[in-house]
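Taken in sequence, the protein lines are chains A and B. The first sequence begins at 20 in this note's numbering and counts up by one. The second sequence begins at 737 in this note's numbering and counts up by one. Virtual Cβ for every residue (Gly too), placed ideally from N, Cα, C. The block underneath contains the structure these notes are about, expressed in structure tokens.
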Amino acid sequence: MTGAASQVPPVEVQDIRTCFGRTCIHEGLSLSVRAGEVLALVGASGSGKSVLLREMVLLHRPSAGSVRVFGEEVRDLDGAQANRLRRRIGIMFQQGALFSSLTVAENVAVPLREQTDLPRGLIAEIARLKVALAGLPADACNKYPKELSGGMLKRAAIARALAMDPDLLVLDEPSSGLDPVSANALDELIRQLHESLGFTVLMATHDLDTLWQVAHRVAFLGEKRVLATGTMAELSRAEHPVMVEYFQGPRGRAARGGAWSRG
Amino acid sequence: MTPSREPAGIEWIPEQGVLRLTGAWLTPALTPVERELAAFAPPAGQVRIEAGGLDALDTAGALLLHRLRRDLGRRGKPVDLVGLAGHQQALLDLIAAREEAAGAVPARERPRVFEALGLATAAAAREGLAMMSFLGVTALALLGALLRPTRLRGRAILAVLQNDGVGAMPVLGMLSFLLGVVIAYQSGIQLRLYGGNLYVVDLVSLTVLRELGPLMTAIVVAGRSGSAYTAQIGTMQVTEEVDALRSIGVSPMELLVLPKVIGLIIALPLLTVFADVVAIFGGMVMAEVMLDVSFDTFLARIPEAVWPSSFFTGVGKAPVFAAVIATVGCYQGFQVRGGADSVGRHTTTSVVQAIVLVIVADAAFSVVFSWLGI
């Protein structure tokens, strides 16, 4: 893998301001993602996690501030250069965003067909492999998104995100809408893929179990900026009232207990 | 991926039976090496693959390597793979394991010709029945609503009048004007030959009032509003809004369908009258310019050329067309399942079916009217 070889931070944002009309959701926000880590963004609903994620993957432009992706300042890029960077990022959208008119295998093949000149046979084989890597059975290849359950849909979306062997995998709420069993299995899958493929993972999540089980580092968004970054253990001892409420409520304590009894 | 890296390649050293792998085996750069590997056919004997020269290996590259090893093995050639770095070996092992576990993709069964024909016929029959039953349900709901008019949603009906009635006037006006101009022009060429200029009034007003006015209006509205109904209800179906309505105890029929049907039944005759007037005006302009028939002469001639019955048969068809368009549009909306793809397909079907059914209904009217001698 190319993965962690270069130590340039895959994504680095500095002093970002994001405003929609007169409401600003980020002000002076800075965050750096380290190569090879699993970084989770947390924060209350409306704290701007998804928007920040979109800014980091070149889907939304902040009102002010600097976004550097793989060391390149996003503001200075033209369309072709931006596309070259996008190719190194695989994104799993919250609702999957699989193309409903294509089968799962065809969905995974889309980036390969558009971005490379590989022969069709090989593309089909790679697509099948990615579907298998995402933990789906072979007969899922020929299914359409509407024929899949929620958990399978998320896995198919991960398979598509992995299509181009990204250096950065971005997951927007990977376990939302899943039953605990599927959510655990998905956490396990993300951890396995991260171990064997060595990419950097950036995710937004609310799932406290995911945070304890998968994330190396957690960045807490609040008051329009990053309130703190650190391991779960560090953040759960933080004294900021917003974070205390988040991590030490009944759910937070339960998830932590679970992590300890397992770990 | 960095440009300084060498592209992926292989180097075959026949004397030693060694295949040397070079460069970066990364997804975007695999095409040449895939081609070389396809042509690679070593003679009998052991093959030693030296991977020490690999700069990088990703999953697609590892897949190629796995395939090479597997294919050589199947052809009875013992393979010895050396020189992979630790993490590359781990990646290759992972891929070999997943490939084996996944197995072959079962082919999706496709029906044969006759089976497909049968399935299509059955689907068409089911569709016809379902549409009839939807028409029945709508009619019952309409009857029920007319018996208890307080349950009618006045605001929704007014919104339909505004959006689908008033909103259609600019485009309909323009098309009708042009329609009148074209009819007057085409008939004018013929009439001028034997000095029957004045009969342009008969031709324009009869064709517009009896046939083309109502038909044109219905087609424009089917394209404009019928499609919108399907897309709206279809999207609500996808986002489960229709189910949400049901769960709250609001009948989608009452909220979504009836206002559209009633609103369009009111709007379409009015639009037809508007289209009639504008089209005849277009004919008048052309008659003045081309045939020297003045506006006064034209208007004075109209009562002699057409009877009120011509006008009423034309406008009388409009409510029926309206019912067809609204019912088909809503029905197709409720048939949407799944996602964006399905919304698009049903919107197309909705417009096509509405226009076809409007023309069929128009033909039926012609037959009935000729029996009745109107």
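Does DSSP put P778 (chain B) in a helix, in a strand, or in coil? If DSSP states are grouped into helix, strand and coil, P778 (chain B) belongs with coil.
Determine the chain B residues that contact E144 (chain A) at a beta-carbon separation under 8 Å, and present them in chain order. By Cβ distance, chain B contributes L799 and R803.
Check distances from the C-beta atoms of the segment 199-229 of chain A to those of chain B and list, in chain order, the residues that come in under 8 Å. Result list: S215, L216 and G217.
Member of B:V1064, B:T795, B:M1026 and B:T943 whose CA lies at the smallest distance from the CA of V993 (chain B): For V993 (chain B), the nearest C-alpha among the options comes from B:V1064.
Residue nearest to T966 (chain B) in terms of C-alpha spacing, selected from B:G890, B:G903, B:A1076 and B:A833: T966 (chain B) has its Cα closest to that of B:A1076, out of B:G890, B:G903, B:A1076 and B:A833.
Does E977 (chain B) come within less than 8 Å of chain D when only Cβ atoms are used? Here the protein chains are A and B, and chain D is not one of them.
Can you give the Cα-Cα distance for L883 (chain B) and L876 (chain B), rounded to whole angstroms? Between L883 (chain B) and L876 (chain B), the C-alpha separation is close to 11 Å.
Beta-carbon separation (whole angstroms), R784 (chain B) vs D816 (chain B), contact threshold 8 Å: About 5 Å separates the Cβ atoms of R784 (chain B) and D816 (chain B), confirming a contact at the 8 Å cut-off.
Quick check on G282 (chain A) - is its C-beta less than 8 Å from some C-beta in chain B? Because the pLDDT of G282 (chain A) is 43, which lies under 50, any placement of that residue in the model is unreliable, and the question is left without a value.
Report yes or no: is there a C-beta of chain B within less than 8 Å of the C-beta of A247 (chain A)? Not one chain B Cβ lies under 8 Å of A247 (chain A).
Whose C-beta lies closer than 7 Å to the C-beta of H79 (chain A) among residues of the same chain, with five residues either side of it excluded? Excluding residues within five positions, the ones whose Cβ falls inside 7 Å are V70 and R73.
Supposed close pair T243 (chain A), L48 (chain A) - CB separation, criterion 8 Å: Note that residue 243 (chain A) is Lys in the sequence shown here, rather than Thr. By a beta-carbon distance limit of 8 Å, K243 (chain A) contacts L48 (chain A). Their separation comes to about 7 Å.
Assumed close pair L957 (chain B), L1007 (chain B) - CB separation to whole angstroms, cut-off 8 Å: Before going on, a small fix: residue 957 (chain B) reads as Val here, not Leu. V957 (chain B) to L1007 (chain B), Cβ: 7 Å. Contact.
Where does M222 (chain A) land, buried or exposed, given buried means 16+ other C-beta within 10 angstroms? Burial check for M222 (chain A): the Cβ neighbour count within 10 Å reaches 16 or more, so the residue is buried.
Could you tell me how far apart the beta carbons of G745 (chain B) and V769 (chain B) are, in whole angstroms, since I believe they sit closer than 8 Å? About 6 Å; that satisfies the 8 Å criterion.
DSSP three-state call for G282 (chain A): helix, strand or coil? With a pLDDT of 43 at G282 (chain A), under the threshold of 50, the predicted position of this residue should be treated as unreliable, and no value is reported.
Neighbourhood of T1049 (chain B) by C-beta, 7 Å cutoff - its chain only, sequence neighbours within 5 removed: Excluding sequence neighbours, T1049 (chain B) sits near R946, F1105 and I1110.
What residue range does the alpha helix (DSSP H) around S963 (chain B) cover? Per DSSP, S963 (chain B) belongs to the alpha helix (DSSP H) from S963 to V974.
Please classify P1055 (chain B): does DSSP put it in a helix, a strand, or coil? Note: P1055 (chain B) maps to helix in three-state DSSP.
Three-state secondary structure (DSSP) of L100 (chain A): Note on identity: in this sequence residue 100 (chain A) is Gln, with Leu being the wrong assignment. Correct three-state label for Q100 (chain A): helix.
What does a CB cutoff of less than 7 Å around H213 (chain A) pick up in its chain, not counting 5 residues either side in sequence? Excluding positions up to five away in sequence, the list reads V57 and V220.
Report yes if the C-beta distance between R862 (chain B) and P995 (chain B) is below 8 Å; otherwise report no. Result no, Cβ atoms of R862 (chain B) and P995 (chain B) do not sit closer than 8 Å.
Grab me the residues of G753 (chain B)'s own chain with a C-beta within less than 8 Å of its C-beta, minus the 5 sequence neighbours each way, in chain order. Contacts found: P778, G781, Q782, V783 and R784.
Of all the beta strand (DSSP E) runs that stay within the bounds of the segment 845-873 of chain B, which reach a length of 3 or more residues? Considered as a whole, the segment 845-873 of chain B harbours no complete run of any beta strand (DSSP E) with no fewer than 3 residues.
Segment contact flag, the segment 113-124 of chain A with the segment 794-812 of chain B, C-beta cutoff 8 Å, min 3 pairs: Under the Cβ criterion (8 Å, minimum of three pairs), the segment 113-124 of chain A does not count as touching the segment 794-812 of chain B.
Residues in the segment 817-829 of chain B having any Cβ partner in chain A nearer than 7 Å: Result list: H823, A826 and L827.
Residue range of the beta strand (DSSP E) that includes S79 (chain A): According to the sequence shown, residue 79 (chain A) is His rather than Ser. Secondary structure note for H79 (chain A): it is in no beta strand (DSSP E), with a DSSP letter that is neither H nor E.
Which class does P739 (chain B) belong to by DSSP, given the choice of helix, strand or coil? A caution first: P739 (chain B) carries a pLDDT of 47, below 50, which makes its placement in the model too unreliable to give a value.
Identity of the residues DSSP links to F239 (chain A) by a beta bridge: BP columns for F239 (chain A) point to A:V61 and A:A247.
Would the beta-carbon of R151 (chain A) fall within 8 Å of that of E742 (chain B)? The residue you asked about is not Arg; residue 151 (chain A) is Ala in the sequence shown. Not closer than 8 Å, so no.
Can you tell which of A:A157, A:Q267, A:G98 and A:V127 has the C-alpha that lies nearest to the C-alpha of L181 (chain A)? Selected option, being the one with the closest Cα: A:V127.
What three-state label does DSSP hand M171 (chain A) in the structure shown? DSSP places M171 (chain A) in helix when its eight states are reduced to three.
Would you say P739 (chain B) faces chain A, with C-beta separation under 8 Å as the test? Reliability of the predicted coordinates at P739 (chain B) is poor, the pLDDT of 47 falling under 50, and no value is obtained from them.
Checking contacts by CB at 8 Å: is D938 (chain B) closer than that to chain A? Residue contact with chain A for D938 (chain B): absent (no Cβ-Cβ distance below 8 Å to any residue of chain A).
For a contact defined as C-beta to C-beta under 9 Å, what are the partners of S971 (chain B) on chain A? Reading off the sequence shown, one finds Thr at residue 971 (chain B), where the question assumed Ser. In chain A, no part has a C-beta under 9 Å from the C-beta of T971 (chain B); the shortest such distance is about 13 Å.
Rank B:V1088, B:L830 and B:D794 by C-alpha distance to the C-alpha of R960 (chain B) and give the top, closest one. Closest in alpha carbon position to R960 (chain B), among B:V1088, B:L830 and B:D794, is B:V1088.
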